[in-house]
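Quick note on numbering: the sequence shown equals residues 3 to 497 in the working numbering. C-beta: ideal position from N, C-alpha, C; glycine also. In this text, all values refer to a predicted model and were calculated from it rather than measured experimentally. First comes the structure, then the notes that go with it.
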Amino acid sequence: MADPKGFMTTPREEWPRRPVEERVRDWDEVYVPGALLPIISKQADRCMDCGIPFCHDVCPLGNLIPEWNDLVAREDWRAAADRLHATNNFPEFTGRLCPAPCEAGCVLAINQPAVTIKNVECAIADRAWEEGFTPPRPPDRLSGRTVAVIGSGPTGLAAAQQLTRAGHTVAVYERDDRVGGLLRYGIPSFKMEKRHLERRLEQMRAEGTRFRTSTRVGRDVAADELRTRYDAVVIATGATAWRELPVPGRELAGIHQAMEYLPLSNRVGEGDLVVSPLCAAGKHVVIVGGGDTGADCLGTAVRDGAASVTQLDIYAQPGADRDEDAEPWPTYPKIYRLSAAHEEARDLVTAPAADADARLFAASTLRFTGDGSGHVRSLHLVEVDAGRRPLPGTGRTLPADLVLLALGFSGPDRTDGLVDQLGLAMHARGTIARDAGFATNVPGVFAAGDAARGQSLIVWAIAEGRAVAAAVDRYLTGSSRLPAPISAYDRPMAV
Ligand SMILES: Cc1cc2nc3c(=O)[nH]c(=O)nc-3n(C[C@H](O)[C@H](O)[C@H](O)COP(=O)(O)OP(=O)(O)OC[C@H]3O[C@@H](n4cnc5c(N)ncnc54)[C@H](O)[C@@H]3O)c2cc1C
Ligand code: SF4
């Protein structure tokens, strides 16, 4: 720690966001470009270099946070980049997208605002690219072993990069026309611009990873054929089977899944479409589901120019502070958080019928009604108690021309036949079964990421990718020096 009193003399300061009126007129990242670097060394210097750094333990990647905080405080960017990349293949993704459970576990957070760990991570990653500290690292020699990775989200990409660097010949199969999984067609560019993804893919190609896009394993190529052609197979197909809302009126036109809406918007950004067929411009939009996917729909609808946007959350509004009994430090607490999209909705007053930031809490959808032509026009809801029982006299109706369902995902999509062709054992909850070492019931076939863990986070996906790579390397060669930050059974720290 460069300044032992940094945490006492420097207040927490975060990477500022651009003014709402400015940023909702474009699709660029919400942050002020260039505004992080001037503040970040002082922020990193708030780290107390604790004897037991809980942040490091809470991060599924085991990021060496106190080490790189110290290096950034001393402005040794090259060493900081080396230490960061020792545990994280894609820190510019997590530095923008991670909800930062590490900050909830920061020792300073016991009685002060936490160190801005996520911002420090992002600053190191961006600086590393600017300074050329992240060249491609192709292997010195090839092992002669081959691996097929199915799915090109953060899990598949991390696994592929680790295995390629270990000398194996890796081909990534992706059913979409572009690589990236939810980083490409789920997450909007105002959260992370696609150029960060492109830059990594360029690095991976230069290292020797091969990509086979527009290839749906199970249909375009049989899954058991891949088993024959490759020495090992990693399934990283994500959890894309969405949950439904079986209420009267669901069949009306204008009601769509979030993951029907968001990919089309991302395709406009990619230049494939001029306007999304589901563009929210001029429409009254209601988003059913209070999570991050719903918030992404909110930010997208605001930028589309919706007439109003309301987000419904079945849970009661959480408090502003951690409940020390139910969710004590260093766990990640459920508290009231204001994402960039909620800030935009609040400032633009896009939902006059809702609470200040467009959310209606403890709201349960009863039914939809439409116009004479079969198009949705209204959503009928009721307030519920903690047991989801309706509260008498709380029914209300919202105008709704476009309804977006963001109710989560149950597991991998089974319609392509991959699971059945391989005869994979599944859990009752819909995810792929595996042992602690990521091996499925089929020899040589491993499963990682959301497909096996269930819907999760980018940081867990990268940790799964790194860990499954170590397991596959061991399977192929008898031993492995690749790091395995988690076992398949590890879960986020909870009470
Ligand atoms: C809208 C949205 C926003 C999110 N925002 C955040 C966020 O801000 N921060 C965060 O930490 N997490 C976020 N998440 C969660 C995070 O994106 C996921 O946990 C993560 O992407 C999972 O990675 P994955 O590689 O396991 O799966 P995915 O990213 O889903 O990738 C799976 C890939 O497999 C491909 N595939 C599937 N079947 C086949 C097949 N048969 N053949 C070939 N390819 C196939 C799919 O097309 C896809 O490209 C978000 C999720 C959603 C839905
Ligand atoms: S990946 Fe997430 S949990 Fe880990 S250090 Fe970065 S922000 Fe924190």
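Closest by C-alpha distance to Ala472, out of Phe440, Asn90, Thr312 and Asp492, is Phe440. Taking 8 Å as the cut-off, the Cβ atoms of Val405 and Leu381 count as close. Unbroken alpha helix (DSSP H) stretches of 4 residues or longer found wholly inside the segment 165-241: 184-187, 196-209 and 225-231, given in chain order. By the neighbour-count criterion, in which 16 or more other beta carbons inside 10 Å mark a residue as buried, Asn91 falls on the buried side.
The Cβ-Cβ distance between Lys336 and Ala308 does not fall below 8 Å.
Distances between the C-beta of Gln313 and the heavy atoms of ligand 1 are all 7 Å or more. Gln319 sits exposed, since fewer than 16 C-beta atoms from the chains shown fall within 10 Å of its C-beta. Taking every protein chain shown into account, the CB of Glu326 has fewer than 16 other CB atoms within 10 angstroms, so this residue is exposed.
Between Gly293 and Thr239, the C-beta spacing is not below 8 Å. For Ile42, the three-state secondary structure derived from DSSP is helix.
A distance below 6 Å between beta-carbons, with the five flanking residues on each side excluded, links Gln164 to the following residues of its chain, in chain order: Arg468, Ala471 and Leu484. Comparing C-alpha distances from Ile112 to each of Thr479, Gly271, Arg493 and Glu329 shows the shortest one belongs to Glu329. Measuring C-alpha to C-alpha distances from Arg25 to each of Asp5, Ala127 and Arg305 identifies Arg305 as the nearest.
In this chain, the beta strand (DSSP E) harbouring Thr312 covers Ser310 to Leu314. The DSSP-derived three-state label of His286 is strand. For the 8 Å CB-CB criterion, Thr371 and Val311 do not form a contact. Annotated three-state conformation of Arg468 is helix, per DSSP.
Across the structure, Val149 and Tyr175 are spaced so that their CA atoms are roughly 11 Å apart.
Non-local beta-carbon contacts of Asp418 in its own chain, meaning distances under 8 Å to residues more than five positions away in sequence, involve Arg177, Arg218, Val219, Gly220 and Arg221 in chain order. Taking 8 Å as the cut-off, the beta carbon of Asp59 is found no closer than this to the beta carbon of Arg147. Short note on Met261: C-beta closer than 7 Å to some heavy atom of ligand 1. Where Ala297 is concerned, the enclosing alpha helix (DSSP H) starts and stops at Asp294 to Asp306. For Pro392, the three-state secondary structure derived from DSSP is strand. Bridge partners of Ser366 according to DSSP: Val384.
A residue is listed when its beta-carbon falls short of 6 Å from at least one non-hydrogen atom of ligand 2; in chain order these are Cys61, Leu63, Asn65, Ile67, Thr96, Cys100, Ala102, Pro103, Cys104, Ile119, Lys120, Glu123 and Val461.
For the set Ala450, Glu346, Gln114 and Ile289, the Cα lying nearest the Cα of Thr11 is the one of Gln114. DSSP, reduced to helix, strand and coil, places Pro141 outside both helices and strands of the structure shown, so it counts as coil. In the structure shown, Met428 adopts extended strand secondary structure according to DSSP, grouped into three states. If the five residues before and after Leu203 are omitted, its C-beta is found closer than 7 Å to the C-beta atoms of Val181, all from its own chain and listed in chain order.
Beta-carbon to beta-carbon, Cys61 and Arg98 are separated by about 15 Å, too far to satisfy the 8 Å threshold. Under the three-state reduction of DSSP, Ile460 is assigned to helix.
Relative to the non-hydrogen atoms of ligand 1, the Cβ of Lys193 comes within a distance shorter than 7 Å of at least one. Phe92: not part of any beta strand (DSSP E); DSSP gives it neither H nor E. A distance below 8 Å separates the beta carbons of Cys57 and Ile67.
Closest by C-alpha distance to Gly389, out of Ala365, Ala116 and Glu15, is Ala365. Around Lys44, the same chain offers Thr12 as residues with beta carbons nearer than 6 Å, after the five sequence neighbours per side are excluded.
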